[in-house]
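One structure is given here, and the rest of the page talks about it.
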Amino acid sequence: EAQVTQNPRYLITVTGKKLTVTCSQNMNHEYMSWYRQDPGLGLRQIYYSMNVEVTDKGDVPEGYKVSRKEKRNFPLILESPSPNQTSLYFCASTKRQGADTGELFFGEGSRLTVL
Amino acid sequence: GDSVTQMEGPVTLSEEAFLTINCTYTATGYPSLFWYVQYPGEGLQLLLKATKADDKGSNKGFEATYRKETTSFHLEKGSVQVSDSAVYFCALSEYGGSNYKLTFGKGTLLTVNP
Numbered sequence: 217e218a219q220v221t222q223n224p225r226y227l228i229t230v231t232g233k234k235l236t237v238t239c240s241q242n243m244n245h246e247y248m249s250w251y252r253q254d255p256g257l258g259l260r261q262i263y264y265s266m267n268v269e270v271t272d273k274g275d276v277p278e279g280y281k282v283s284r285k286e287k288r289n290f291p292l293i294l295e296s297p298s299p300n301q302t303s304l305y306f307c308a309s310t311k312r313q314g315a316d317t318g319e320l321f322f323g324e325g326s327r328l329t330v331l
Numbered sequence: 673g674d675s676v677t678q679m680e681g682p683v684t685l686s687e688e689a690f691l692t693i694n695c696t697y698t699a700t701g702y703p704s705l706f707w708y709v710q711y712p713g714e715g716l717q718l719l720l721k722a723t724k725a726d727d728k729g730s731n732k733g734f735e736a737t738y739r740k741e742t743t744s745f746h747l748e749k750g751s752v753q754v755s756d757s758a759v760y761f762c763a764l765s766e767y768g769g770s771n772y773k774l775t776f777g778k779g780t781l782l783t784v785n786p
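These protein sequences, in sequence, are chains Z and F.
Counting in our numbering, the first sequence runs from 217 upward without gaps.
Counting in our numbering, the second sequence runs from 673 upward without gaps.
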C-alpha cells in the first residue's frame, strides 16, 4: 500500500530534550516536505527536499533541522524543543518536479507537546 | 506572496443540505488549485483539483470551478452526508523553481448532523 509513515504519532517531551520525528514514504517520490498545523493558522511549510541531499527552508524553519540521506526518508529534528513548537506535524511527498498536478500525499500526523 | 482565504468555520449543516465553502486566492502567476479534506485523526487527502482557468474539479459529489476573473475556487456539494464531516482546506500551488509548495487556507470545519 502506498503511504507516508510518520513516527511517533504522539509525543510529550520537555523543553530542550532533542527529538526526531521520522518520515518514510514507499512511493519512490523525489519531493518531500514537512508542515506544521496550528489552530487558526492552517498548515505552514517548515522544510522541503527536492531530492537526496537537497533540502531547503520553507516558511517557518526556525528551531528545526532536516536531512535527506535516502530517498525514502526525511526526518525532522528538533535540537532543543521549546513550547512554541507544540503542534501537529505532517510529512508529505510527491513524485514529480515542476508544474504538474500538485497532489501531495500526507502522513497521518505527529502530535507533539513540549512542556 | 501567495495566499488563500477561505470562509471561517465552523459550518454546521443537516444531512442532505447544500454546502458551499468559499475560497479566494492571491497569486502572481497561474497556480493550480486544490481542495484537501482532513477527517478526524487523519492526514490530509486530496479531494479535487483544477489546473487552469474554467476547469471544474469534482470528486465524491463535491465540485469546484477555477474562476480566474474572481480568483475563486468555491467548494460545493448538493447534498451532504454525516460522513462528510471533516476539515476542508483550500490550497494553491505554484512551482517556484526550487520548491513545490502548497499554500493552504486556514481550514473550515464542517459538521453534518443526521
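For glycine and all other residues, C-beta sits at the position ideal for the given N, C-alpha and C.
Residues of its chain near residue i, where Cβ-Cβ distance is below 6 Å and the 5 sequence neighbours each way are ignored
i	result
residue 803 of chain F	Within the shown structure, residues of chain F are numbered from 673 to 786, placing residue 803 of chain F beyond reach of any answer.
residue 696 of chain F	677, 743, 744
residue 234 of chain Z	295
residue 774 of chain F	763, 765
residue 289 of chain Z	240
Contact check, residue i vs residue j, beta carbons under 8 Å
i	j	result
residue 764 of chain F	residue 704 of chain F	yes
residue 246 of chain Z	residue 311 of chain Z	yes
residue 326 of chain Z	residue 225 of chain Z	yes
residue 219 of chain Z	residue 242 of chain Z	yes
residue 713 of chain F	residue 721 of chain F	no
residue 702 of chain F	residue 758 of chain F	no
residue 238 of chain Z	residue 291 of chain Z	yes
residue 785 of chain F	residue 687 of chain F	yes
CA-to-CA distance, residue j to residue i, given in whole angstroms
i	j	result
residue 294 of chain Z	residue 330 of chain Z	11 Å
residue 284 of chain Z	residue 699 of chain F	30 Å
residue 683 of chain F	residue 675 of chain F	22 Å
residue 691 of chain F	residue 324 of chain Z	26 Å
residue 273 of chain Z	residue 262 of chain Z	6 Å
residue 777 of chain F	residue 761 of chain F	6 Å
residue 843 of chain F	residue 232 of chain Z	Since the first residue of chain F shown is 673 and the last is 786, residue 843 of chain F is not available in this structure.
residue 279 of chain Z	residue 751 of chain F	45 Å
residue 755 of chain F	residue 275 of chain Z	33 Å
residue 727 of chain F	residue 734 of chain F	14 Å
residue 337 of chain Z	residue 230 of chain Z	This structure does not reach residue 337 of chain Z, given that chain Z is present from 217 up to 331, and the question cannot be answered.
Anticipated Cβ contact below 8 Å, residue i with residue j, distance rounded
i	j	result
residue 286 of chain Z	residue 270 of chain Z	In fact, because the Cβ distance is near 13 Å, the residues do not count as touching under 8 Å.
residue 307 of chain Z	residue 266 of chain Z	Not quite, the Cβ-Cβ distance comes to about 15 Å (not below 8 Å), so this is no contact.
Beta-carbon contacts of residue i that lie in its chain and below 7 Å, excluding the five residues immediately before and after
i	result
residue 631 of chain F	This structure cannot speak to residue 631 of chain F, because chain F is shown only from 673 to 786.
residue 281 of chain Z	293, 295
residue 679 of chain F	693, 694, 780
heavy atom of the ligand COA below 7 Å from residue i C-beta
i	result
residue 281 of chain Z	As presented, the structure is devoid of all ligands, the ligand COA included, so that no description of it is given.
Neighbour flag for residue i against chain B, beta carbons, 8 Å
i	result
residue 716 of chain F	No chain B appears in the structure shown, which is made up of the protein chains Z and F.
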